[in-house]
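**Student:**
Number of protein chains: 4
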Amino acid sequence: MMINFCQFGAGRIGNVHADAISANENANLKYVVDVNGDAAQALASRHGASVSSVGEALADPDIRAVIVASSTDTHADLIEQSVKAGKAVFCEKPVDLSLERVNDCVGIVNAHNQPVFIGFNRRFDASFAKLKSELDGGAIGKLEMIAITSRDPSPPPLEYVKVSGGLFRDMMIHDFDMAHWLLGEVPVEVFAYGSSLVDPEIGKLGDVDTAAVTLKTKSGVLCQISNSRRAVYGYDQRVEVFGSGGMLQAGNRSETSVVKSNADSVQSDKPLLFFLERYADAYGAELTHFIDCINNAVTPSVTIEDGKVALQLAEAAIESLNSGRPVGI
Amino acid sequence: MMINFCQFGAGRIGNVHADAISANENANLKYVVDVNGDAAQALASRHGASVSSVGEALADPDIRAVIVASSTDTHADLIEQSVKAGKAVFCEKPVDLSLERVNDCVGIVNAHNQPVFIGFNRRFDASFAKLKSELDGGAIGKLEMIAITSRDPSPPPLEYVKVSGGLFRDMMIHDFDMAHWLLGEVPVEVFAYGSSLVDPEIGKLGDVDTAAVTLKTKSGVLCQISNSRRAVYGYDQRVEVFGSGGMLQAGNRSETSVVKSNADSVQSDKPLLFFLERYADAYGAELTHFIDCINNAVTPSVTIEDGKVALQLAEAAIESLNSGRPVGI
Amino acid sequence: MMINFCQFGAGRIGNVHADAISANENANLKYVVDVNGDAAQALASRHGASVSSVGEALADPDIRAVIVASSTDTHADLIEQSVKAGKAVFCEKPVDLSLERVNDCVGIVNAHNQPVFIGFNRRFDASFAKLKSELDGGAIGKLEMIAITSRDPSPPPLEYVKVSGGLFRDMMIHDFDMAHWLLGEVPVEVFAYGSSLVDPEIGKLGDVDTAAVTLKTKSGVLCQISNSRRAVYGYDQRVEVFGSGGMLQAGNRSETSVVKSNADSVQSDKPLLFFLERYADAYGAELTHFIDCINNAVTPSVTIEDGKVALQLAEAAIESLNSGRPVGI
Amino acid sequence: MMINFCQFGAGRIGNVHADAISANENANLKYVVDVNGDAAQALASRHGASVSSVGEALADPDIRAVIVASSTDTHADLIEQSVKAGKAVFCEKPVDLSLERVNDCVGIVNAHNQPVFIGFNRRFDASFAKLKSELDGGAIGKLEMIAITSRDPSPPPLEYVKVSGGLFRDMMIHDFDMAHWLLGEVPVEVFAYGSSLVDPEIGKLGDVDTAAVTLKTKSGVLCQISNSRRAVYGYDQRVEVFGSGGMLQAGNRSETSVVKSNADSVQSDKPLLFFLERYADAYGAELTHFIDCINNAVTPSVTIEDGKVALQLAEAAIESLNSGRPVGI
């Protein structure tokens, strides 16, 4: 069934989702809402949609689903208003930077019977999805260790760093979700080290740009995560899981398979530049999943509870970094 | 500028091109023409186009360009009618199975000032395009040798083999074009060996399913091509160029980057299944190039002359196979 | 100059060193000493050496150097007796399982002007050596993070586990040395998680078989280490260093370069089986280095101080594991 | 049983074999013979051997085997004299540059019951040996195509080119043997293209430095070989075999596994420099095989007949190059 969408937010990630809607034969973008009227108009025009307001959009019975891709501080409110209006919700991570606010939001969501999907796009990357599928299928026996590497090509603007909630809530939250998903359980303890090595200005803001976090589950499975806000060779996104029967690794992807051998070395492509390139297909795949959930009345594979767990792990990491001790969940 | 297209042919490759038109923001599919009315209607409906006839479509001044994706024996006629009607032409390879017929068609095309593009899609594969660009940029000095490997996952139906013109005209023609493109000149001699090892029925039809061809240029550059109609591990499409300053290789692509290490071995993905998967992006890229040529009044990078050269090389290979001797061009 | 050696210890690693001596054109094995007379005789015969005693061997002025490859609890004594006797010492790791004992030994060594080399063989692996050399040469700018993976193919016998000093002193000690070497400084803090997932019997002995440790330097550089006593796909020994200008990775080595592509997957060799295979060349290279140090009166690149640091880090890791908190050095 | 060797030839390859003898616990080098007395003396001294003459060495009943590593024009004579004297023979390729002379030599060898081994070292490379073993074990079903790439890092001195017998007899002869070995049968036809692209002086000597040869068997299996006298990225030695059930590839080896990712690209090691590096272990392995054949009275896996076939293929390739036509065997 064709689903009519209203999209809140017309920024960079908003454009990604609007493109995904246009490319999906079961989706139609009817409204775009953004505090920046020009951005809303530009995006709406490009996709044959209309500019609207939150109230008008949620009141329209034609609208079956919303995409929340606006600024983080609006996410929880928009989720709540949308489910109350009977709309299915696809919300960008994070639900909120405050765990308390997320808890309230979870309550509201649970009280309304609507599909609510949190956009942890990496779960829909073909390589990570295959790794998870092989793991669940027993390809490496019993899971024992995980290593997750996430490095951005370059740090965001300082203005963004200030409102981002910090590296753990903004960047490593993806890795916390990846860990939670692969572990299949919520870790019981978190230990974090962090440094400001990339840009001292980030350190002055009280944030870190380099971090190493370890998670531990009840059964003793261990997970190591490393993050850096800068990798000059491109977006570095790798996962390795190790078990009683072997190891699964999901590596980076590159634009071409060209290898040049000359008098210096053997040279191949750098990893794809950043998330828009690496996860281009994943954005389409998560939208397709969301639409399938609506049409088949199935609970999305990434719920608001998952969003809450990722934030809990981020909060615990921050507490660990500040206290210098491991923190229980 | 938005280009209105009429597409001749609603089969498998026709669907690929229609999808590419839909995905291209500068293209619109107005008409679909096919002798199979149901196929035409299905494709047209899926893309909001109308079913039409050759005559009606070519008479419509709104139509700026045509895609020729019908059966091979109609290509030359449709190219000629289309350029006479003032339409730009994107034609699937080959132009025709007869070199004489191609020569006539080239004459007609040259007499009409319309962009005519031949769909040698592999030139638009990101890896092969980068290899070519590096080669032309001098990355490996002076070109000395080329090796091209092309293997299909499984042979086509015997019914298709009968009308295909044989392995050299139907399958290796892509490699002849690749060789011609990379060499930057027309080879002066061709030597071919061929066998029927995959399916004896193919041999009974007078065709081969396994072939090794060598090309030589005036300056002594050598090119080896190998083809097989069956590769159980997937579509094997690789190019290697070697020069005074090094080597460039373009390898296969796979669906994921997952590597599994277990007690048996270290296992990674097979190559992508077939041309629809491997060249998915290339089909979009060649359409974009064609549209750019129309809008900027530029000659396409793959002309009908290139189509003719590829067929000449195929004819020479067949003559070599039959005579047991190298054949000059 | 030809160096005459006495070797203490005729077990598995003793055989490795005796082979290295035989293969080195500047070395000669004169004596073998072992409490197991048969083992001593067998090794001596194989290399044209004589069985001897500690006293006799150290009293022989022809002996310029000793290899200490006996059981761990004899290392410190043999080092001390040897340097007092004016012999250069090549000692297998660890110096001792007790930090106090190591400190005493360091004192004795410092009081005698003899080359004392600790056999951290991994530093002499061609891949790790190149990684270190590139790092020191500035290939990736300023060092920011390290990740070290060490997994043995299968756990040692429980009898060995009992006297090994535990995973941190016996196995991860190599990784602590690798970290110390690559960091170029002694970390200031260690945090350890460990589990018994491979074999519950190991856990019953109070040891772990799976561990994740994080190190932090004064300047904030972070190092993650992971260990497992079992990797069914072979000996997994990898190092990754990350800096302001890029990343260096040293991966596993395999016996052949053969890749098989079939209907299932693309399969390549597993990593080399275990340390004898992976570090076969490294054992020769470290002996060559030791001989060069003697002949050129140069301090070995791995000193007894390095042995002490590795043990300090192991002790700190054990304390962290037991206390559940990071431990300062 | 310990085998006493006399070695004819004290040049570069002679040193390789003498080192292999020294490293082999079942072999002893007793005599070295070379027309260059200084070279003979140096090699003999380095290995505790004596300088001798052909007559004296062959008359010594202690000598069980000879290594023929002298100049090519002495090979056939030394093989004949040695088997007549009751010695086992390990002869470097080629047996002779003249097929007639080789035929005579085969006759003499067949009339004397001695193991005669021809040093096609590549068969003992771990990767090629595994590829052959997998092929024979049915890993890829029925063999259909082979591709062999052989490129030297740089051309030999022109003085050597003059006496080498040309690229086909001197360099590609290794690939002809590889093809013969992998095919498991003697090809029935050869077609050769060759060019002088690397150094025009080689062309002036009537030789080629770049060549592409195709072989065909009775059953239609095809084999493509490419050679170049120069590859600036190192010694390029690869084999690919393709069959009804898949593909086996044996690639190059490198000194380390280090991968550097920086702002430019992802860089790994070049292939090992040349044959001494790439085939270091193969030289030891072929000697071990030869000694096993002597001790177990087994026919060597590479016979003088194999040497003859390789030369036949080279002769056919030369005739094909000169005549411009395929040549039957």
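Chains as they are written, first to last, in the numbering used here: chain A, 1 to 329; chain B, 1001 to 1329; chain C, 2001 to 2329; chain D, 3001 to 3329.
Beta carbons: idealized from backbone N, C-alpha and C, even for Gly.
What you are looking at is a predicted structure, and each value in this text was computed from that prediction instead of being measured.
1. Which first and last residues belong to the beta strand (DSSP E) in which residue 2063 of chain C is found?
2. For the alpha helix (DSSP H) containing residue 3339 of chain D, name the first residue and the last one.
3. Answer yes or no: do residue 3124 of chain D and residue 3067 of chain D have a C-beta to C-beta separation smaller than 8 Å?
4. Alpha carbon to alpha carbon, what distance is there between residue 83 of chain A and residue 107 of chain A?
5. In terms of alpha-carbon separation, which member of A:237, A:77 and A:255 lies closest to residue 1129 of chain B?
6. Do residue 131 of chain A and residue 1258 of chain B come within 8 Å of each other at the CB atom, strictly closer than that value?
7. Do the CB positions of residue 3239 of chain D and residue 3247 of chain D come within less than 8 Å of each other?
8. Can you tell me which of the three DSSP states residue 38 of chain A falls into?
9. What residue range does the alpha helix (DSSP H) around residue 3172 of chain D cover?
10. Please list the terminal residues of the continuous beta strand (DSSP E) segment that includes residue 1117 of chain B.
11. Assuming residue 252 of chain A contacts residue 175 of chain A under a Cβ cut-off of 8 Å, what Cβ separation, rounded to an integer in Å, is found between them?
12. So with Cβ pairs under 8 Å, would you call residue 296 of chain A a contact of chain D?
13. Is it buried or exposed, residue 179 of chain A, if we count other Cβ atoms within 10 angstroms and call 16 or more buried?
14. Shortest alpha-carbon distance to residue 1269 of chain B belongs to which of C:2302, C:2296, C:2260 and C:2112?
15. Does the structure place the stretch 3052-3061 of chain D close enough to the stretch 2301-2318 of chain C that three or more beta carbon pairs sit under 8 Å?
16. Considering only the beta carbon of each residue, do residue 1094 of chain B and residue 1300 of chain B sit closer than 8 Å?
17. Name, please, each residue of chain A whose Cβ falls closer than 8 Å to the Cβ of residue 2326 of chain C.
18. In angstroms with no decimal places, state the Cα-to-Cα distance between residue 3041 of chain D and residue 3032 of chain D.
19. Compare the C-beta of residue 263 of chain A with all C-beta atoms of chain D and state if any pair is closer than 8 Å.
20. Give the straight-line distance between the Cα atoms of residue 2099 of chain C and residue 2127 of chain C, rounded to the nearest whole angstrom.
21. Cβ atoms of residue 2278 of chain C and residue 2233 of chain C: under 8 Å apart, would you say?
22. Can you grab the Cα-Cα spacing for the pair residue 191 of chain A / residue 280 of chain A, in whole Å?
23. Looking only at its chain, what residues have a beta carbon closer than 6 Å to the beta carbon of residue 2315 of chain C, apart from the 5 residues adjacent to it on each side?
24. Grab me the residues of residue 3096 of chain D's own chain with a C-beta within less than 8 Å of its C-beta, minus the 5 sequence neighbours each way, in chain order.
25. According to a CB-to-CB cut-off of less than 8 Å, which residues of the stretch 3051-3067 of chain D neighbour chain B?
26. Where does the unbroken alpha helix (DSSP H) through residue 2135 of chain C begin, and where does it stop?
27. Taking the alpha-carbon of residue 381 of chain A as reference, which of A:219, A:303, A:63 and A:172 has the nearest alpha-carbon?
28. Residue 1229 of chain B by DSSP, collapsed to three states: which one?
29. Buried or exposed: residue 1121 of chain B, going by 16 or more other Cβ atoms within 10 Å of its Cβ?
30. Rounded to the nearest angstrom, what separates residue 1003 of chain B and residue 1024 of chain B at their Cα positions?
31. Please confirm whether residue 1144 of chain B has its beta-carbon closer than 8 Å to some beta-carbon of chain D.
32. May I ask you to list the residues that DSSP assigns as paired with residue 3026 of chain D?
33. Report the option in D:3045, D:3244 and D:3168 whose CA atom is closest to the CA atom of residue 3320 of chain D.
34. Does the structure place the stretch 3156-3167 of chain D close enough to the stretch 3195-3205 of chain D that three or more beta carbon pairs sit under 8 Å?
35. Taking the beta carbon of residue 2229 of chain C as the centre, do at least 16 other beta carbons fall within 10 Å, making it buried, or is it exposed?
36. Would a C-beta distance cut-off of 8 Å place residue 3144 of chain D and residue 3221 of chain D closer than the cut-off?
**Tutor:** By the coordinates alone:
1. 2063-2068
2. Any answer about residue 3339 of chain D is impossible in this case: the structure gives chain D only from 3001 up to 3329.
3. no
4. 11 Å
5. A:255
6. yes
7. no
8. helix
9. 3172-3183
10. 1116-1118
11. Contact flag wrong, Cβ pair sits at about 15 Å.
12. no
13. buried
14. C:2260
15. no
16. no
17. 191, 324 and 325
18. 8 Å
19. yes
20. 31 Å
21. no
22. 32 Å
23. 2099
24. 3072, 3073, 3075, 3076, 3102, 3105 and 3311
25. none
26. 2126-2136
27. The first residue shown for chain A is 1 and the last is 329, placing residue 381 of chain A beyond what the model contains.
28. coil
29. buried
30. 10 Å
31. yes
32. DSSP output for residue 3026 of chain D lists no bridge partner at all.
33. D:3168
34. yes
35. buried
36. yes
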